[in-house]
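Visitor:
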Amino acid sequence: MDAHGRVAGRPNKHHHRSSSSSAFFSKAAENLEAAVAGTMWRWWPVLRGCATTRRALLTVGVAAALLAAAVIVLNAGEGGPNGMPDSLFFPADAQGVEDIPPWNLTAAHLLDGLLTPEFSHRSCRSRYEFAHYYKKSPHKPSPYLIAKLRKQEALQRRCGPGTAAHEKALRRLESSGGDDDLDGNDGDDCRYLVYISYRGLSNRMLAIASAFLYAVLTDRVLLVDGGKDVADLFCEPFPGATWLLPPPSSAGGWWWSSWWSPSSSSSPLNRLQSFDQDSKESLGNMLQSGATVSDETGNVTWSSEEKNTPPAYVYLHLAGGYGYHDKLFFCGAHQRLLLRDVPWLLMRTDNYIVPGLFLIPTFRAELEAMFPDKDAVFYLLGRYLFHPSNAVWHAVTAYHRAHLAGAADRVVGVQIRVFHKKQPRQLVLDQALSCLRNEKLIIPAETETINIAGNATSSPSSSSKKKKNKVVVLVTSLSSWYSERMREELGSEVRQPSHEGRQRWRDAAHDRRALSEMLLLGTCDALVTSGFSTFGYVAQGLAGLRPWVMHRSPMWAHDWREDGLGPDEPPCRRVASVEPCFHSPSAYDCDAGRDVELDGAAPYVRRCVDVSWGIKLVNQSSSSSQ
Ligand code: GDP
1 MDAHGRVAGR PNKHHHRSSS SSAFFSKAAE NLEAAVAGTM WRWWPVLRGC ATTRRALLTV
61 GVAAALLAAA VIVLNAGEGG PNGMPDSLFF PADAQGVEDI PPWNLTAAHL LDGLLTPEFS
121 HRSCRSRYEF AHYYKKSPHK PSPYLIAKLR KQEALQRRCG PGTAAHEKAL RRLESSGGDD
181 DLDGNDGDDC RYLVYISYRG LSNRMLAIAS AFLYAVLTDR VLLVDGGKDV ADLFCEPFPG
241 ATWLLPPPSS AGGWWWSSWW SPSSSSSPLN RLQSFDQDSK ESLGNMLQSG ATVSDETGNV
301 TWSSEEKNTP PAYVYLHLAG GYGYHDKLFF CGAHQRLLLR DVPWLLMRTD NYIVPGLFLI
361 PTFRAELEAM FPDKDAVFYL LGRYLFHPSN AVWHAVTAYH RAHLAGAADR VVGVQIRVFH
421 KKQPRQLVLD QALSCLRNEK LIIPAETETI NIAGNATSSP SSSSKKKKNK VVVLVTSLSS
481 WYSERMREEL GSEVRQPSHE GRQRWRDAAH DRRALSEMLL LGTCDALVTS GFSTFGYVAQ
541 GLAGLRPWVM HRSPMWAHDW REDGLGPDEP PCRRVASVEP CFHSPSAYDC DAGRDVELDG
601 AAPYVRRCVD VSWGIKLVNQ SSSSSQ
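Position 234 of the sequence shown, counted from 1, bears residue number 234 in UniProt numbering, the numbering being contiguous throughout.
(1) Give every residue of the same chain whose Cβ lies closer than 7 Å to the Cβ of residue 230, excluding the five residues on either side of it in the sequence, and list them in chain order.
(2) Can you tell which of 550, 206, 86, 327 has its C-alpha closest to the C-alpha of residue 433?
(3) By how many angstroms is the C-alpha of residue 338 removed from the C-alpha of residue 299?
(4) Taking residue 532 and residue 611 to be in contact with their CB atoms under 8 Å, please state how far apart those CB atoms are, rounded to whole angstroms.
(5) Could you compute how far the alpha carbon of residue 266 sits from the alpha carbon of residue 111?
(6) Given that a residue counts as buried once 16 or more other Cβ atoms are within 10 Å of its Cβ, and exposed if not, what is residue 448?
(7) Hey, how far is the Cα of residue 574 from the Cα of residue 486?
(8) Do you know offhand how far residue 17's Cα is from residue 534's?
(9) How about residue 206 and residue 384: are their beta carbons less than 8 Å apart?
(10) With a threshold of 16 other CB atoms inside 10 Å of the CB of residue 597, please say whether the residue is buried or exposed.
(11) How is residue 148 classed by DSSP in three states: helix, strand or coil?
(12) Which same chain residues end up closer than 8 Å to residue 116 when comparing Cβ atoms and leaving out the 5 residues on each side of it in sequence?
(13) Rounded to whole angstroms, what is the Cα-Cα separation between residue 122 and residue 494?
(14) When we look at the beta-carbon of residue 465 and count the other beta-carbons within 10 Å, is it buried (16 or more) or exposed?
(15) When the distance is taken between beta carbons, is residue 373 closer than 8 Å to residue 619?
(16) Sort out for me which residues DSSP pairs residue 317 with in a bridge.
(17) Run the proximity test for residue 203: is its beta-carbon closer than 7 Å to any non-hydrogen atom belonging to the ligand GDP?
(18) Does the ligand GDP have even one heavy atom less than 7 Å from the beta-carbon of residue 511?
(19) Who are the near neighbours of residue 422 in its chain, counting only those whose CB is closer than 7 Å to its CB and skipping five residues on each side?
(20) Let's see if you can read the secondary structure: which residues bound the alpha helix (DSSP H) around residue 338?
(21) Just checking my contact of residue 218 with residue 160 at CB under 8 Å: how many whole Å lie between their CB atoms?
(22) Name the one or two DSSP bridge partners that residue 572 has.
(23) Specify, as a first and last residue, the run of the beta strand (DSSP E) that residue 578 falls within.
(24) Measure the Cβ-Cβ separation of residue 233 and residue 490 and say whether it is below 8 Å.
(25) State the Cα-Cα distance for the pair residue 529 and residue 291, rounded to the nearest angstrom.
(26) According to DSSP, residue 234 sits in a beta bridge with which residue or residues?
(27) Tell whether a beta-carbon distance below 8 Å holds between residue 349 and residue 319.
(28) Measure the C-alpha to C-alpha separation of residue 190 and residue 510 and round it to an integer number of angstroms.
(29) What are the boundary residues of the alpha helix (DSSP H) that residue 128 is part of?
(30) Tell me, which residues are paired with residue 195 by DSSP?
(31) So, are the CB atoms of residue 308 and residue 297 less than 8 Å apart?
(32) Consult DSSP for residue 396 and reduce its assignment to one of helix, strand or coil.
(33) Less than 8 Å between the C-beta atoms of residue 579 and residue 617, yes or no?
(34) Any idea what DSSP makes of residue 50, helix, strand or coil?
(35) Take residue 293 as the anchor and find which of 310, 278, 279 has the nearest alpha-carbon.
(36) Under 8 Å between the Cβ atoms of residue 365 and residue 441?
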């Protein structure tokens with residue numbers, strides 16, 4: 001979702017610290033005045049004797065220092081006493097940690113073969129420490145998936161940025177078929193999938209996981225156009241290779257390449273953000289513009305005007321709201337006959353398109369072999385791809401140790417996301433509280449039993465018999481209002497790492513907080529999430545938990561009650577699987593030549609609880625229990 005989610009925060013959000021901070025300010029003012037005065041007397045002798053100017057300068061200096069101190073104090077208090085200040089995002093001193101892979105790694109550290117031990121501990125601490133903070137899951141990666149991942153890693157090393165093959169592919173792309181020397185197939189079979197950065201962080205994470213799976217299925221190198229952000233947030237997932245698309249200045253190889261080779265400045269890689277549904281290079285528009293031809297059986301190929309050869313690149317527009325022709329991406333024939341041999345595919349999506357890939361006959365057998373547990377695709381791919389950077393991991397683990405680990409017998413995560421400005425926040429609060437109470441997630445009775453198993457605990461019998469003792473509620477939201485009210489309402493402790501006020505774009509610190517909170521939710525024992533929100537999907541997927549989801553209308557709905565949440569509706573429902581929902585699937589069955597009902601289109605595809613027109617993967621055995 002691209003909602004901005006502006007929710008008014010409480011105006012007096014910093015009132016708890018007013019007395020201590022005023023003491024801090026006056027002491028700081030005295031010290032600063034002394035320091036500033038001392039420094040100025042030493043370095044600015046001309047001021048001696050000019051008492052008025054000196055006083056004025058001192059006043060300005062002290063005022064500036066006070067302002068700076070205020071900013072530091074207010075920021076440091078992000079989220080109140082249990083907040084996540086900026087200082088937490090500095091990686092801990094890595095001294096004493098050897099810059100080699102740890103020697104005593106177990107299968108648990110490597111997530112049962114999902115990861116290889118080729119990275120040093122210092123370069124990416126989360127890679128080997130993840131298993132310590134997250135629950136063990138019954139979902140192990142299949143040997144076939146592991147083999148495919150190792151093959152993909154080798155491909156990324158052989159064809160990725162910095163290799164001769166990549167340089168050559170770039171030059172081919174820039175010359176777009178004009179340079180005969182570069183046209184022929186001389187044995188390099190490197191083909192690329194470029195993911196175009198789009199929407200909020202969790203939309204991007206779901207889209208990257210989808211793009212990665214498509215790259216694996218089609219033997220393409222995945223390159224992520226994530227800007228600085230992705231490098232700040234995540235470690236590289238592929239050993240000995242980068243998944244980051246080189247920045248535009250070097251996309252042609254070197255900064256001066258656009259000078260000696262004018263074509264490189266027009267490389268599509270230098271204008272990725274300009275591609276949209278109107279681009280003539282989109283699959284949908286090429287299908288309509290004579291670039292392709294269909295025979296009488298409906299099979300489609302590149303037209304003879306195009307010498308029956310694929311273009312140098314095709315743009316795949318798979319963003320929510322995309323049209324009929326762009327949706328033909330999900331046809332097996334288009335995959336086999338059109339897209340397979342295109343050297344560069346540029347993909348824009350804000351969606352988790354994985355369930356749609358399972359519905360393409362060309363890929364189905366391969367996907368079924370890779371994922372015997374259909375409801376563990378994002379769980380496995382997410383844990384394979386998204387290793388938080390040292391800075392983010394430091395904040396997550398420090399917060400976890402200080403506020404969650406050992407603080408309670410059970411931590412219940414509540415993710416509050418509101419898309420519709422007019423939805424009254426008291427109703428959102430009531431909904432969350434009713435959900436927590438109705439589902440017996442917070443009742444403090446010592447003897448009650450509760451099923452918090454989701455899909456992620458090792459032994460269902462022990463989890464279902466677990467005694468409810470002390471519960472901590474971890475709230476994530478852009479606003480602090482909900483956690484403040486919950487603290488008043490619930491006997492339990494309520495924590496909230498940050499309250500950013502509103503969604504921000506291209507703000508690295510903001511994204512680091514968002515990622516940290518998704519990761520912290522992922523460590524919880526049970527989750528309540530907001531429907532429609534990909535933020536909740538990432539948290540549930542990384543956790544391996546089936547959350548209780550609260551209904552939400554999308555921001556474009558006329559009424560926040562639209563499509564659900566009537567008076568008889570329960571405040572939340574348990575979702576059928578930990579898999580994210582694909583919000584914009586194509587209902588068109590290419591072989592049948594008509595739209596079909598997607599619910600049950602494969603034994604493991606079901607409609608989503610939170611988005612009635614969306615679909616998700618479920619475990620076959622649980623597919624009837626929506
Ligand atoms: P969605 O809009 O809920 O599907 O999730 P996205 O992650 O794609 O976009 C929402 C963005 O808003 C996030 O990436 C954050 O930048 C911000 N955001 C929303 N909810 C929260 C929250 O609870 N905590 C933090 N730190 N940021 C949030």
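Cβ atoms here follow ideal geometry from the backbone N, Cα and C, with glycine treated the same way.
Guide: On the basis of the coordinates in this document:
(1) Closer than 7 Å at Cβ, skipping near neighbours: 224, 244.
(2) It is 550 whose Cα lies nearest to the Cα of residue 433.
(3) Here the alpha carbons of residue 338 and residue 299 stand approximately 10 Å from one another.
(4) Yes, residue 532 and residue 611 are in contact; Cβ-Cβ is about 6 Å, under 8 Å.
(5) Distance between the alpha carbons of residue 266 and residue 111: 43 Å.
(6) Residue placement at residue 448 is flagged as unreliable, the pLDDT there being 44, under the threshold of 50; the coordinate-derived value follows with that caveat. Of the residues assessed, residue 448 falls on the exposed side of the cut-off, its CB having fewer than 16 other CB atoms within 10 angstroms.
(7) Residue 574 and residue 486 have their C-alpha atoms roughly 21 Å apart.
(8) At residue 17, the pLDDT of 31 sits below 50, so the modelled position is not reliable; the number obtained from the coordinates is stated separately. Distance between the alpha carbons of residue 17 and residue 534 is about 34 Å.
(9) Cβ distance not < 8 Å, so residue 206 and residue 384 don't count as in contact.
(10) Exposed, since its Cβ has fewer than 16 Cβ neighbours within 10 Å.
(11) Three-state result, residue 148: helix.
(12) For residue 116, where only same-chain residues beyond five positions count, the Cβ hits under 8 Å are 110, 150, 153, 239.
(13) Near 33 Å, if we compare the C-alpha coordinates of residue 494 and residue 122.
(14) Any reading at residue 465 must be qualified, since the residue scores a pLDDT of 47, below 50, and its modelled position is unreliable; the value itself is stated next. By the 10 Å Cβ count, residue 465 comes out exposed.
(15) Yes, Cβ-Cβ distance for residue 619 and residue 373 is below 8 Å.
(16) Answer by DSSP bridge pairing, in chain order: 348.
(17) Residue 203: yes, Cβ under 7 Å from the ligand GDP.
(18) Yes - the ligand GDP has a heavy atom lying nearer than 7 Å to the Cβ of residue 511.
(19) If you ignore the 5 residues before and after residue 422, its C-beta comes within less than 7 Å of the C-beta of 560, all in its own chain and listed in chain order.
(20) Unbroken run through residue 338: none, as it is neither H nor E.
(21) By a beta-carbon distance limit of 8 Å, residue 218 does not contact residue 160. Their separation comes to about 16 Å.
(22) For residue 572, which the question treats as bridged, DSSP gives the partners 550.
(23) From DSSP, residue 578 is part of no beta strand (DSSP E); its letter is neither H nor E.
(24) If you check the CB distance, residue 233 and residue 490 do not come in under 8 Å.
(25) Straight-line spacing of the CA atoms in residue 529 and residue 291 works out to 45 Å.
(26) Residue 234 is bridged to 388.
(27) Their beta carbons are under 8 Å apart, which means residue 349 touches residue 319 by this criterion.
(28) Taking the straight line from one Cα to the other gives about 36 Å.
(29) 125-133 is the span of the alpha helix (DSSP H), which, as asked, contains residue 128.
(30) According to DSSP, which records beta bridges pairwise, residue 195 is partnered with 224, 347.
(31) In this structure, residue 297 does not lie closer than 8 Å to residue 308 by Cβ.
(32) Correct three-state label for residue 396: helix.
(33) Against a cut-off of 8 Å, the Cβ pair of residue 617 and residue 579 comes out as a contact.
(34) Low confidence applies here, because residue 50 scores a pLDDT of 39, under 50, leaving its location unreliable; read the following figure in that light. The three-state reading of DSSP puts residue 50 in coil, since its state is none of H, G, I, E or B.
(35) With distances taken between CA atoms, residue 293 lies nearest to 310 out of 310, 278, 279.
(36) Taking 8 Å as the Cβ cut-off, residue 365 and residue 441 do not qualify as a contacting pair.
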